[in-house]
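Note that the sequence shown covers residues 0 to 494 in numbering that gives the first Met the number 0.
The C-beta atom is built at its ideal place from N, Cα and C for all residues, glycine as well.
Note that the structure is predicted; figures quoted are calculated from it, not measured.
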Amino acid sequence: MDYSIETAPLKELQCDCIVVGVYQGAQFCTSASTLNDSTQGLISKILNRGDMSGKNGETVLINVIPDSAIERILLVGLGEKAALTGKNYRKALFATVNALKKTSIKSVACSLAECEVNGYDWQWKTRQIIEVFSDAVYQYTHTKSDKNTDSKLEKLSIIAPEHELSLAHAGLAQGRAIAEGVTFAKHLSDLPANLCTPSFLAEQALELGSKHGKLAVSILEESELQTLGMGSFLAVSRGSRQPAKLIILNYQGGEKNAKPIVLIGKGLTFDAGGISLKTAAGMDEMKYDMCGGAAVLGTLSAAAEMDLPLNIIGLIPASENMPDGDANKPGDILTSMAGKTIEILNTDAEGRLILCDTLTYAECFNPDVVIDLATLTGACLVALGRVPSGLLGNDDILCNDLLAASETANDSVWRLPLWEEYQEQLKSNFADLANVGGKDAGTITAACFLSQFAENFRWAHLDIAGTAWRTGQAKGATGRPVPLLSQYLINRANG
């Protein structure tokens with residue numbers, strides 16, 4: 000979709016539809032008031048006869064505007080004016096796109112950024128319009144013979160006054176970059192595992208690097224991982240014909256000697272569970288076990304597009320977890336890159352095995368902070384559902400920074416404890432630690448396992464098992480937590 004900022008008077012706009020906001024109590028946003036006056040009170044008539052109340056998310060499409068060059072007007076309910084929070088604003092935006100998708104409308108001028116949203120400026124409001132429109136019109140078609148999508152939208156103009164142009168253009172740039180990053184992550188995640196293999200993921204990273212001068216990409220092959228002593232990482236791919244890869248993205252936008260922010264994304268392109276085989280129901284969704292890796296690619300894409308003045312390292316351990324005669328077995332003992340031995344009690348707890356060696360490898364970059372993201376535990380879905388991602392970490396400042404970024408990005412997280420008592424569940428009679436800690440507190444014990452490989456730097460862990468994709472009829476990747484991580488990086492860049 001093509002995005003732009005528009006300052007022309009409403010009556011001069013060349014578009015199929017103008018979107019305006021209406022509050023409850025028949026209060027108009029500025030553009031709605033202007034259109035109401037120029038159409039002889041048409042909007043007031045619609046409200047007075049009860050066709051619309053202004054409730055948040057309510058929409059009315061006016062297809063015929065007498066004595067006017069304007070083709071259509073979409074009225075969007077915003078709810079109570081004093082209660083227009085960031086979440087309610089986004090709710091109204093999603094309602095807007097969903098209403099437009101049902102029509103043949105191709106070009107839209109949206110005035111909703113002029114609405115007063117509690118605590119947010121024009122830059123944020125403009126950015127949200129682009130992010131929401133992009134998210135709502137995304138439709139996977141790559142492996143379908145019919146490439147047509149439900150939405151006919153091609154052009155979105157955001158109406159802004161002259162005195163807010165600077166903030167509006169800044170929001171446009173951020174919104175486009177983040178939206179493209181989210182779309183990139185969603186597309187990779189939605190691909191089937193026979194196409195999106197570890198090698199394919201590596202190729203996509205190399206292609207991304209070729210587009211940005213400040214982004215260098217390199218790939219470590221299994222022989223190099225063996226030399227590094229990554230016995231835990233390599234053990235997971237033993238049951239697969241697809242070779243493991245460690246994808247390294249190095250974005251240098253900051254000062255040469257500035258410590259980098261390291262993002263690590265789990266890249267299991269398919270997880271059958273290995274010898275501890277998963278049940279058949281829902282196993283197709285295990286192609287989404289690489290959503291962490293896809294989100295790292297999407298975030299690096301957004302950061303490079305925004306030209307953020309930061310140094311960022313992206314690490315994606317890419318692998319498959321399959322059953323085979325040479326696959327891991329319950330009871331096997333592995334030696335990690337850190338030298339710690341691990342008893343495999345469940346081969347389906349493999350994500351932590353590829354992440355622990357990657358965390359150890361991250362030390363060589365002398366990181367300022369390390370953030371890993373992974374579809375790690377079904378227990379996180381049970382505990383938190385599909386609204387927030389789980390957040391755990393060993394540094395309060397880092398965790399609080401991520402919480403603050405999640406609020407701004409509307410990409411929510413919830414912090415869980417990482418108490419010493421939980422480490423007891425990982426004790427093994429035969430190795431330094433076990434790869435699972437029993438049925439209790441599965442999300443926390445998984446993070447406890449990782450914490451033993453993150454003792455030398457500030458670290459946070461995002462468990463995105465409940466938020467990386469939707470299931471059921473709406474099955475598909477969400478692109479989360481690209482918005483959260485992008486906002487965190489923006490905040491870091493702004494000091």
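One or two residues paired with residue i in a DSSP bridge
{"i": "residue 58", "result": "75"}
{"i": "residue 27", "result": "21"}
{"i": "residue 414", "result": "390"}
{"i": "residue 244", "result": "317"}
{"i": "residue 465", "result": "Paired residue(s): none; residue 465 is not in a bridge."}
{"i": "residue 250", "result": "214, 311"}
{"i": "residue 157", "result": "4, 109"}
{"i": "residue 479", "result": "Answer is none; residue 479 lacks a bridge partner."}
{"i": "residue 334", "result": "340"}
{"i": "residue 432", "result": "341"}
{"i": "residue 16", "result": "107"}
{"i": "residue 219", "result": "245"}
{"i": "residue 457", "result": "368"}
Of the listed residues the options, nearest to residue i (C-alpha basis)
{"i": "residue 62", "options": "54, 248, 71, 329", "result": "71"}
{"i": "residue 357", "options": "264, 30, 52", "result": "264"}
{"i": "residue 449", "options": "484, 23, 375", "result": "375"}
{"i": "residue 95", "options": "19, 343, 433, 276", "result": "19"}
{"i": "residue 304", "options": "152, 250, 277, 278", "result": "250"}
{"i": "residue 400", "options": "434, 459, 344, 431", "result": "459"}
{"i": "residue 383", "options": "415, 324, 4, 145", "result": "415"}
{"i": "residue 24", "options": "218, 45, 367", "result": "45"}
{"i": "residue 471", "options": "239, 283, 58, 123", "result": "283"}
{"i": "residue 0", "options": "48, 105, 55", "result": "105"}
{"i": "residue 393", "options": "406, 419, 82, 409", "result": "419"}
{"i": "residue 359", "options": "134, 281, 224, 475", "result": "224"}
{"i": "residue 219", "options": "226, 244, 240, 475", "result": "244"}
{"i": "residue 111", "options": "55, 148, 145", "result": "55"}
{"i": "residue 90", "options": "102, 146, 58, 492", "result": "58"}
{"i": "residue 35", "options": "381, 14, 185, 10", "result": "10"}
Cβ neighbours of residue i in the same chain (closer than 8 Å, five flanking residues each side left out)
{"i": "residue 396", "result": "457"}
{"i": "residue 361", "result": "261, 263, 312, 314, 369, 456"}
{"i": "residue 332", "result": "340, 341, 342, 343, 429, 430"}
{"i": "residue 21", "result": "27, 28, 31, 42, 46, 51, 53, 74, 75, 76, 77"}
{"i": "residue 447", "result": "417, 421, 422, 424, 425, 436"}
Proximal residues to residue i (C-beta, below 6 Å), its chain only, five neighbours per side dropped
{"i": "residue 228", "result": "336"}
{"i": "residue 379", "result": "389, 442, 462, 464, 465"}
{"i": "residue 424", "result": "436, 437, 444"}
{"i": "residue 301", "result": "176, 177, 180, 485"}
{"i": "residue 504", "result": "One cannot answer for residue 504 here, as it falls past the ends of the chain, which runs 0 to 494."}
{"i": "residue 353", "result": "232, 235, 316, 318"}
{"i": "residue 252", "result": "213, 307, 308, 309"}
{"i": "residue 60", "result": "73"}
{"i": "residue 427", "result": "342, 433"}
{"i": "residue 103", "result": "151"}
{"i": "residue 12", "result": "108"}
Proximity below 8 Å, CB of residue i to CB of residue j
{"i": "residue 292", "j": "residue 266", "result": "yes"}
{"i": "residue 30", "j": "residue 158", "result": "yes"}
{"i": "residue 200", "j": "residue 248", "result": "no"}
{"i": "residue 173", "j": "residue 126", "result": "yes"}
{"i": "residue 181", "j": "residue 482", "result": "yes"}
{"i": "residue 188", "j": "residue 88", "result": "no"}
{"i": "residue 155", "j": "residue 107", "result": "yes"}
{"i": "residue 327", "j": "residue 343", "result": "yes"}
{"i": "residue 136", "j": "residue 150", "result": "yes"}
{"i": "residue 373", "j": "residue 434", "result": "no"}
{"i": "residue 242", "j": "residue 197", "result": "yes"}
{"i": "residue 6", "j": "residue 171", "result": "no"}
{"i": "residue 268", "j": "residue 195", "result": "yes"}
{"i": "residue 322", "j": "residue 274", "result": "yes"}
{"i": "residue 121", "j": "residue 166", "result": "yes"}
{"i": "residue 468", "j": "residue 290", "result": "yes"}
{"i": "residue 364", "j": "residue 480", "result": "no"}
{"i": "residue 409", "j": "residue 118", "result": "no"}
{"i": "residue 83", "j": "residue 109", "result": "no"}
Neighbourhood of residue i by C-beta, 7 Å cutoff - its chain only, sequence neighbours within 5 removed
{"i": "residue 38", "result": "64, 67"}
{"i": "residue 385", "result": "465, 466"}
{"i": "residue 404", "result": "483, 486, 487, 490"}
{"i": "residue 183", "result": "296, 297, 300"}
*Could you name each continuous beta strand (DSSP E) segment of 3 residues or more that falls completely within the region 306 to 332, going from the start of the chain to the end?*
310 to 320, all fully within the region 306 to 332.
_Quick check for students: name the residue ranges of the beta strand (DSSP E) that lie wholly in the region 256 to 288, counting only runs of 3 or more._
For the region 256 to 288, whole beta strand (DSSP E) runs of length 3 or above, ordered along the chain, are 260 to 264, 266 to 270.
*Ignoring anything shorter than 4 residues or poking outside the region 342 to 411, list the alpha helix (DSSP H) runs there in chain order.*
Unbroken alpha helix (DSSP H) runs of no fewer than 4 residues, entirely contained in the region 342 to 411, are found at 350 to 361, 377 to 383, 395 to 408, following chain order.
*4-residue-minimum alpha helix (DSSP H) runs that sit fully inside the region 156 to 193, ordered along the chain*: Whole alpha helix (DSSP H) segments, 4+ residues: 164 to 189.
*Start-end ranges of the alpha helix (DSSP H) lying completely within the region 123 to 153, minimum 4 residues*: The qualifying runs do not exist here; there are none.
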